[in-house]
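The block underneath contains the structure these notes are about, expressed in structure tokens.
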Amino acid sequence: MYHNAQINKELINKRRLKIYQIAEGYCYNSDSLFLWDFIIPHIKPRAKILELGSGSGIIGLLCARSKNVALYQIEKQVEYALMNAKNAQINHIDSVIIHADCNMIIQSKDILEELHANMLCNDKKLEAIFTKQQLSKVLADKNLNDLKQSTTDYKNLHSTSLYSKTCNYLNSIDSERFLSKSLTYAQIVGNTLDSTQEHIESKAFFHQSQTLQHADIPSLPYFDMIVSNPPFYHTQTLQSNNPFKAQATQSHFLPFSTILKLAKKVLKPHGKLIFCYAPTMIAEILESLMAFNFGIEALRFVYPRKDKHSTLVLVYARHNSKAQTRILPPLITHNGLAQQDNTEEVISIYNAAYTQSLKVSYDDIVWEDLL
């Protein structure tokens, strides 16, 4: 499967995907890139894609960079949701980030309304996040209305919130500076208000404004595709005392049944569900998919070597599909016994993804200044 060679190399060379990650938490690995490679052939132009458990955003952002899509990403852990938003911002990719627990969303009477209420571009949601995190500096001492009136051209802005303007200011400065504790939120607000006209003229300003504007509830769609690299380890097989890693790896934090319930409610008729999972769970996975009326259109197993057992399965399912299942050629990741030499296909996938992981210690991140 070398279709990634068709991706415009010149465009990718100009847009290396930089992904900030929490060093102490779960970081993306080859599974994420293999899943992205598996997803790409099934994305149609202008598709509406929802990623479940987005983490730092790697899979959805890769899809949006490669294809013209409308991207929505759900993440349960607030730190990762904020990091996802930052990664979308620094890579100039439009994505609506939703901070929510899928287990709670499926219990809502109006799921689309629930998704909208938990978007990070919703000022009330953002305020609640930082209040809960006890990051009081995010709420400026001045009244929001006073801040609005302090700039004469406020009404000419594309966005209409202090949060949006703060995002625009951060988007116009060096992306590395959000890690520096020398830049306070008050300074950011002041700089934003003092230089509004300059940012109106900047490309970054309009990009961020449009990202926020298109997230209105009337336009919130039913989705063409759901993608996910969900946690699939059982508690009895792998445990972690690290809350970041535990929620990203333990299946009870995002049960497969929750994924299917949500997918059935928000996917369009014949919508696609593409994900990866542990091969040891394949019987249960296939049974669950069929129980929710998802046809399994394609499976691809990933092996560390030709003589080893599979360590990952890539699954393409479609709602109400009656198509026969295709078992695709295996993806072998390494040649030698030491597993230090990637196969030609894996090298091709890595080159096409063209990502840069930037790991940052949790304590070095000034969360109130992140966006």
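The sequence shown begins at -6 in the numbering used here and counts up by one.
C-beta atoms are modelled at their ideal positions from N, C-alpha and C, and glycine is treated no differently.
None of the values given here were measured: they were computed from a predicted structure.
For residue i, the nearest candidate out of the options (CA to CA)
i: P323; options: L55, V353, A291, E361; result: A291
i: D217; options: Y13, S23, R39, K11; result: R39
i: I67; options: E17, L10, I219; result: I219
i: E17; options: V353, D362, L363, E361; result: V353
i: N286; options: S250, V306, A81, A57; result: S250
i: K11; options: P224, I86, N61, I36; result: I86
Nearest-angstrom Cα separation, counted from residue j out to residue i
i: T273; j: L247; result: 18 angstroms
i: C269; j: I278; result: 10 angstroms
i: Q201; j: S59; result: Confidence at Q201 is low in this model, with a pLDDT of 40, below 50, so the placement of that residue should be treated as unreliable; the coordinate-derived value is given next. Approximately 19 angstroms, taken between the alpha carbons.
i: I83; j: E338; result: 29 angstroms
i: R319; j: I275; result: 15 angstroms
i: G329; j: R298; result: 8 angstroms
i: Y13; j: Q100; result: 32 angstroms
i: L54; j: S23; result: 15 angstroms
i: T326; j: D30; result: 13 angstroms
i: D357; j: Q70; result: 18 angstroms
i: F198; j: T336; result: With a pLDDT of only 32 at F198, under the threshold of 50, the placement of this residue in the model should not be trusted; the figure read from the coordinates follows. The alpha-carbon atoms of F198 and T336 are separated by roughly 42 angstroms.
i: S221; j: R8; result: 23 angstroms
i: L43; j: Y355; result: 27 angstroms
i: N96; j: L108; result: 12 angstroms
i: E361; j: E72; result: 11 angstroms
i: L321; j: Y343; result: 20 angstroms
i: A110; j: V259; result: 16 angstroms
i: K254; j: H35; result: 22 angstroms
Under 7 angstroms between C-beta atoms of residue i and residue j
i: A74; j: K41; result: no
i: A310; j: L282; result: yes
i: F27; j: V295; result: yes
i: I51; j: S88; result: no
i: I98; j: I104; result: yes
i: I267; j: I32; result: yes
Contact test: residue i Cβ vs the ligand PLP heavy atom, cutoff 6 angstroms
i: L54; result: Questions concerning the ligand PLP fall outside what the structure shown contains, since it holds no ligand whatsoever.
Any chain B beta carbon closer than 7 angstroms to residue i
i: I252; result: Among the chains in the structure shown there is no chain B, since it carries only a single protein chain.
Any contact between the stretch 308 to 320 and the stretch 255 to 265? By contact I mean 3 or more CB pairs, one from each, below 8 angstroms.
Counting C-beta pairs closer than 8 angstroms gives three or more between the stretch 308 to 320 and the stretch 255 to 265, which meets the contact rule.
At what residue ranges does the stretch 283 to 335 contain a whole run of the beta strand (DSSP E), taking only runs of 3 or more?
Segments of the beta strand (DSSP E) lying fully in the stretch 283 to 335: 287 to 296, 305 to 312.
Indicate whether the contact test is met: 3 or more Cβ pairs, each with one atom in the stretch 76 to 90 and one in the stretch 47 to 56, closer than 8 angstroms.
Inter-segment contact for the stretch 76 to 90 and the stretch 47 to 56 is present: three or more beta-carbon pairs are separated by less than 8 angstroms.
Which whole runs of the beta strand (DSSP E) in the stretch 26 to 93 are 3 residues long or more, in chain order?
Entirely contained in the stretch 26 to 93, the beta strand (DSSP E) runs reaching 3 residues are, in chain order, 41 to 45, 63 to 68, 88 to 92.
Tell me, please, whether the stretch 349 to 357 touches the stretch 298 to 307 by the rule of three or more beta-carbon pairs shorter than 8 angstroms.
The stretch 349 to 357 is not in contact with the stretch 298 to 307.
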